[in-house]
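Going by the numbering used here, the first residue of the sequence shown is number 2, and it counts up by one from there.
All residues carry an ideal CB built from backbone N, CA and C; glycine is no exception.
The structure displayed is predicted, hence computed values, not measured ones.
Step one of this worksheet: look at the structure below.
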Amino acid sequence: MSAEHKVALVVGANGVIGRNLVEHLAELGDWTVVGLSRRGGADRERVTHLQVDLLDPEDCREKLGGLTHVTHVFYAAYQDRPTWAELVPPNLAMLVNVVEAVEPVASGLRHISLMQGYKVYGAHLGPFKTPARETDAGHMPPEFMVDQQEFLERRQRGKAWTWSAIRPSVVGGTALGNPLNLVVAIAVYASISRELGLPLRFPGKPGAYDKLLEMTDAGLLAKATVWAATDERCANQAFNINNGDLFRWNEMWPKIADYFELPVAPPLPMSLDVVMADKESLWNAMVEKYDLTPTKYADVSSWTFGDFVFSWDYDMFADGAKARRFGFHEYVETETMFRALFDDLRRRKIIP
Ligand SMILES: NC(=O)c1ccc[n+]([C@@H]2O[C@H](COP(=O)([O-])OP(=O)(O)OC[C@H]3O[C@@H](n4cnc5c(N)ncnc54)[C@H](OP(=O)(O)O)[C@@H]3O)[C@@H](O)[C@H]2O)c1
């Protein structure tokens, strides 16, 4: 193996975020990638998959103890729980289990990248200071992302490897079977609206339609994550990563409706979790009617997350200038991102 050759362990390789990281690293050419998840995936050139339950320390030691060649760990695993407090134990334990299994055996370890988000700024709790900056003061726990970062900082002291923490906004990607997937939720909601002969109505809270927000394209995020993990200037630093433009649903929603060739009707606050609960048989009939790739309704139903995002009746954005100051200059227009991701879902015959 040449000194330049790098071995990535992508933890959470089936996620909205992890899947794009695996793709990006595989395309770069000078990386070998090990993808880690419970479900696993198909091996191909430069990419192998490991099935591990990160909540089981024994399973981690057994299956990760041989990863002596890993140079970079990209941590993007996630366990969903109903409350902020319940998120802490499993999400901290998974990171600790990976690091404790890999760090002692991987003698060439150079970097551990941690995927975070705007929860670090309290964005999920209510109106928070915008634009949020990496230097902003912390907030009252529980907050699993903060606990994860503190664990990494403690663990790194006196070691040869470095860490980085990446903070995206809502991520735009098309992985399936994931709890946090806004783009798939919108695409399926729009497709079902169309099937029922309905216009596209914004289902969020009154007020959420007019507020400023931003998103982070999963492809852009993958590039930024690898950049921060390999540029020495980024050692032991956190970075907000976003598309670079702001939008309001009142402008974006009609554009989304236009993509699905639907008229727009005035917003009507409703819980997607509630109103989409009985649409499974309709979805199955649509899969048949349009000859779609068989996809379980549960795997395209991020309704709780949709409700969460559409409940933000306050501005939701962070300052992305630090990443630019440190040398990352890419951006994605959010409308173009939505269209490209919807196109991808159509190409893969996930939606009609
Ligand atoms: N999605 C967003 O919009 C967004 C926005 C900002 C920040 N974030 C943050 O980014 C991080 C990753 O989010 P994501 O949306 O990419 O998550 P995700 O789509 O739910 O992916 C989670 C990954 O973790 C794996 N995983 C879960 N439990 C596991 C276990 N016990 N053992 C091994 N692997 C396990 C899953 O694969 P298997 O199911 O196959 O195990 C999957 O690959 C989270 O901290 C999240 O809060 C996400």
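Nearest candidate by alpha-carbon position, reference residue 1, set 24, 232 and 351: This structure leaves residue 1 out entirely; the chain is present only between 2 and 353.
Straight-line Cα distance separating residue 229 from residue 2: Bear in mind that a pLDDT of 48 at residue 2, under 50, signals an unreliable position, so the model cannot answer this.
Selection from 241, 238, 243 and 267 that minimises the alpha carbon distance to residue 250: Cα-wise, what sits closest to residue 250 is 267.
Alpha-carbon to alpha-carbon, residue 292 and residue 147: Going from the Cα of residue 147 to the Cα of residue 292 covers about 45 Å.
Secondary structure of residue 15, DSSP reduced to three states: coil
C-alpha gap between residue 114 and residue 101, whole angstroms: Each residue's alpha carbon lies about 15 Å from the other.
N-terminal and C-terminal residue of the alpha helix (DSSP H) that residue 169 is part of: For residue 169, there is no enclosing alpha helix (DSSP H); the enclosing beta strand (DSSP E) covers residues 163-169.
Residue 345 beta carbon near ligand 1 (any heavy atom closer than 6 Å): no
Beta strand (DSSP E) segment containing residue 187, residue limits: Unbroken run through residue 187 is the alpha helix (DSSP H), 183-196; no beta strand (DSSP E).
CB contact flag (residue 223, residue 25, <7 Å): Yes, Cβ-Cβ distance for residue 223 and residue 25 is below 7 Å.
Residue range of the beta strand (DSSP E) that includes residue 52: 48-52
Element boundaries [alpha helix (DSSP H), containing residue 257]: Element bounds for residue 257: 250-260.
Segment limits, beta strand (DSSP E) that includes residue 74: 73-76
Between the CA atoms of residue 258 and residue 280 - distance to the nearest angstrom: Using only the alpha carbons, I get a separation of about 20 Å.
Helix, strand or coil at residue 2 according to DSSP, with G and I counted as helix: Low local confidence applies: a pLDDT of 48 at residue 2 is under 50, so the model's placement there is unreliable, and no value is given.
Residue from 297, 220 and 111 with nearest C-alpha to residue 339: 220
Cα-Cα separation between residue 151 and residue 198, rounded to whole angstroms: C-alpha separation (whole angstroms): 51 Å.
Bounding residues of the alpha helix (DSSP H) (the contiguous stretch that carries residue 356): There is no way to answer for residue 356, as the model of the chain reaches only from 2 to 353.
Residue 73 and residue 176 closer than 7 Å at C-beta: Contact: no.
Pairwise C-alpha distance: residue 142 and residue 161: In this structure, the straight-line span from the alpha carbon of residue 161 to that of residue 142 is close to 30 Å.
Nearest-angstrom beta carbon gap, residue 53 and residue 60 [assumed within contact, 8 Å]: 6 Å
Of the listed residues 239, 123, 190 and 28, nearest to residue 271 (C-alpha basis): 190
Contact under 7 Å by Cβ, residue 170 with residue 238: no
Opposing strand residues paired with residue 238 [DSSP bridges]: 165
Presumed contact (8 Å Cβ cut-off) between residue 215 and residue 182, rounded CB distance: Incorrect: roughly 17 Å between the Cβ atoms, too far for contact.
Chain-order list of residues whose beta-carbon lies under 6 Å from that of residue 336 (same chain, five-residue window excluded): 256
Residue 185 to residue 346 span [Cα, whole Å]: 8 Å
Nearest neighbour of residue 368, chosen from 94, 57 and 217 [CA to CA]: Residue 368 falls outside the range modelled here, since the chain spans only 2 to 353, and no answer is possible.
Any non-hydrogen atom of ligand 1 within 6 Å of residue 242 CB: With a threshold of 6 Å, the Cβ atom of residue 242 does not count as near ligand 1, since no heavy atom of the ligand is closer than that.
When 117, 328 and 235 are compared against residue 1, the one with the closest alpha-carbon: Here the chain covers residues 2 to 353 and nothing more, so residue 1 does not appear.
Three-state class that DSSP yields for residue 313 in the structure shown: coil
DSSP-derived helix/strand/coil call for residue 307: helix
Heavy atom of ligand 1 within 6 Å of residue 126 beta-carbon: no
Per-residue DSSP class, three states only, for residue 45: strand
Simplified DSSP assignment, three categories, for residue 25: helix
Inter-stretch contact (C-beta, 8 Å, three-pair minimum) for the segment 200-211 and the segment 134-141: no
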